[in-house]
Amino acid sequence: MKKYYAVQKGRQTGVYQSWAAAKKQVEHFKGAVFKSFPDLASAQAFLQQKLAPVQEVNLATYAAVIYTDGGSRNHGNHRGGHVLDHDPAAWAYLIKAGPKRYQGTNGQWGATNNQMELTAVIQGLLQAQTLGLSEQKLLLVADSRYVLDALTRGWLQSWQQKQWRKADGKVVANQELWRKLAQQIAVFSDLHYAWTKGHAQDAENNFVDGLLNQTMDQMTAKSRS
């Protein structure tokens, strides 16, 4: 009888059609959560559980917490608008590992908000790897549902299986960045995710938001000088 394997927590979450494929995502992954089902619908239902808000997470159980954010000041933020080459965009991350803090930010002209959200996560994970945290229990906190849903609901894994096409057959946008993110996630053995509301009461999220806005301010000031 055919089985479907839902990986809720692993290197890449998703529904797999063979144990061999699912095993690669959970073997030696601390705290892996997975289960087999006789039908696809049940496997997907198990996979798509609510992502916990960061306020409900015990941060003390993690070796480090990575906060990321991306943003842009472009015409694409308005109905019917689009991104122009001279629109500033930026990303930022903050890593809190015990008493130590590590941060980074940079900007790019003509990038979208989603591109910067993805880049922030990639850069934050690269820094975590540099710090030797790839085998530690880590929490990634972001306010981007665009990024988090793809990581926690199996979309990224599905896109890879379908040659970077979505369920409707359309090509996945920002494919190059998604490829880089998939490669980076595979480095970590115990990576978890949490959502935070942007521009609210999360001090760390507000901090990275402030960093990227400073970067965009500097970009704009230099372009006018």
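Residues 1 to 225 (the UniProt record's numbering) are what the sequence shown spells out, left to right.
We put the beta carbon where it would ideally sit given N, CA and C, even for glycine.
Please read all numbers here as calculations on a predicted model, not as lab measurements.
With distances taken from CA atoms, which of the options is nearest residue i?
i: residue 196; options: 214, 165, 67, 47; result: 67
i: residue 83; options: 109, 100, 101; result: 109
i: residue 229; options: 111, 86, 140; result: Since the first residue shown for the chain is 1 and the last is 225, residue 229 is missing from the structure and cannot be characterised.
i: residue 55; options: 174, 205, 176, 132; result: 205
i: residue 209; options: 27, 89, 32; result: 89
i: residue 40; options: 59, 192, 2, 53; result: 2
i: residue 215; options: 32, 44, 70; result: 70
i: residue 148; options: 201, 191, 213; result: 191
i: residue 65; options: 95, 43, 53; result: 95
i: residue 99; options: 145, 60, 170; result: 60
i: residue 145; options: 163, 121, 164, 218; result: 121
With a cut-off of 8 Å on the beta carbons, I'd call residue i and residue j a contact; round off their distance for me.
i: residue 158; j: residue 116; result: Contact doesn't hold; Cβ gap of about 24 Å is too wide.
i: residue 102; j: residue 123; result: In fact, because the Cβ distance is near 11 Å, the residues do not count as touching under 8 Å.
i: residue 17; j: residue 4; result: 6 Å
i: residue 174; j: residue 114; result: 6 Å
If you measure between the beta carbons of residue i and residue j, is that distance less than 7 Å?
i: residue 7; j: residue 194; result: no
i: residue 137; j: residue 63; result: yes
i: residue 46; j: residue 35; result: yes
i: residue 211; j: residue 22; result: no
i: residue 166; j: residue 172; result: yes
i: residue 198; j: residue 143; result: yes
i: residue 156; j: residue 182; result: yes
i: residue 207; j: residue 134; result: no
i: residue 74; j: residue 85; result: no
i: residue 125; j: residue 184; result: yes
Taking the beta carbon of residue i as the centre, do at least 16 other beta carbons fall within 10 Å, making it buried, or is it exposed?
i: residue 107; result: buried
i: residue 119; result: buried
i: residue 132; result: exposed
i: residue 168; result: exposed
i: residue 79; result: The predicted position of residue 79 is uncertain, since its pLDDT is 49 and thus under 50; no value can be drawn from it.
i: residue 178; result: buried
i: residue 223; result: exposed
i: residue 111; result: buried
i: residue 20; result: exposed
i: residue 52; result: exposed
i: residue 203; result: exposed
i: residue 221; result: exposed
With 7 Å set as the bound, which would you pick, yes or no: does the beta-carbon of residue i sit closer than that to a beta-carbon of chain D?
i: residue 23; result: Annotation note: the requested chain D is absent from the structure, which comprises a single protein chain.
Are at least three pairs of beta-carbons, each pair with one atom in the region 146-161 and one in the region 10-27, less than 8 Å apart?
-> Yes, since at least three Cβ pairs between the region 146-161 and the region 10-27 fall closer than 8 Å, the two stretches touch.
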